[in-house]
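To convert, take the position in the sequence shown, counting from 1, and add 32; that gives the working numbering.
Even for Gly, the Cβ is constructed at its ideal location relative to N, Cα and C.
To start, the structure under review is shown below, and the notes come after it.
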Amino acid sequence: MPEVPRMDVRYVADLARLQLTEEEVQVYQGQLDRIVEYLDKLDSCDLESVDAEVHAGTVPSPLREDREGKCLSREEALGNAPAVADGQFRAPKVVE
33 MPEVPRMDVR
43 YVADLARLQL
53 TEEEVQVYQG
63 QLDRIVEYLD
73 KLDSCDLESV
83 DAEVHAGTVP
93 SPLREDREGK
103 CLSREEALGN
113 APAVADGQFR
123 APKVVE
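So, in structure tokens, the structure goes:
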């Protein structure tokens, strides 16, 4: 397995525009090194026989069957609108 290059916490902090003290650099560098080591362990796992999944578990569908119900009248729907024009919601122009 190839050697994983060491990621420099100062470089990452610079990308994020963070100013770290020397003490913070030491703490975060140790944490970042452990994260990269763990990712290297995960990379060595044989996953050839594992099917790709979007989620680790089953995710219930948030969809429900459409049902007809009581609708608001035009007056009720527009009642709290900040601006109304010609019986419709009025919105600011977004295209020049």
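Start-to-end residues for the alpha helix (DSSP H) that takes in residue i
i	result
VAL68	54-75
LEU110	106-110
ALA45	41-47
Cα-Cα separation, residue i to residue j
i	j	result
GLU93	GLU85	The amino acid at residue 93 is misidentified as Glu; the sequence shows Ser. The straight-line gap from Cα to Cα measures roughly 16 Å.
GLY111	LEU95	29 Å
ALA117	LEU71	57 Å
ALA45	ASP75	25 Å
ASP65	TYR43	13 Å
GLU54	LYS73	29 Å
Assigned exposure category for residue i - 16 Cβ within 10 Å defines buried
i	result
VAL127	exposed
VAL41	buried
VAL82	exposed
MET33	Note on MET33: pLDDT 49, under 50, position unreliable in the model; no value is reported.
CB contact flag (residue i, residue j, <9 Å)
i	j	result
LEU47	TYR60	no
ARG106	GLY119	yes
ARG38	VAL68	yes
ALA22	ALA115	No information on residue 22 is available, as it lies outside the stretch 33 to 128 that the chain covers here.
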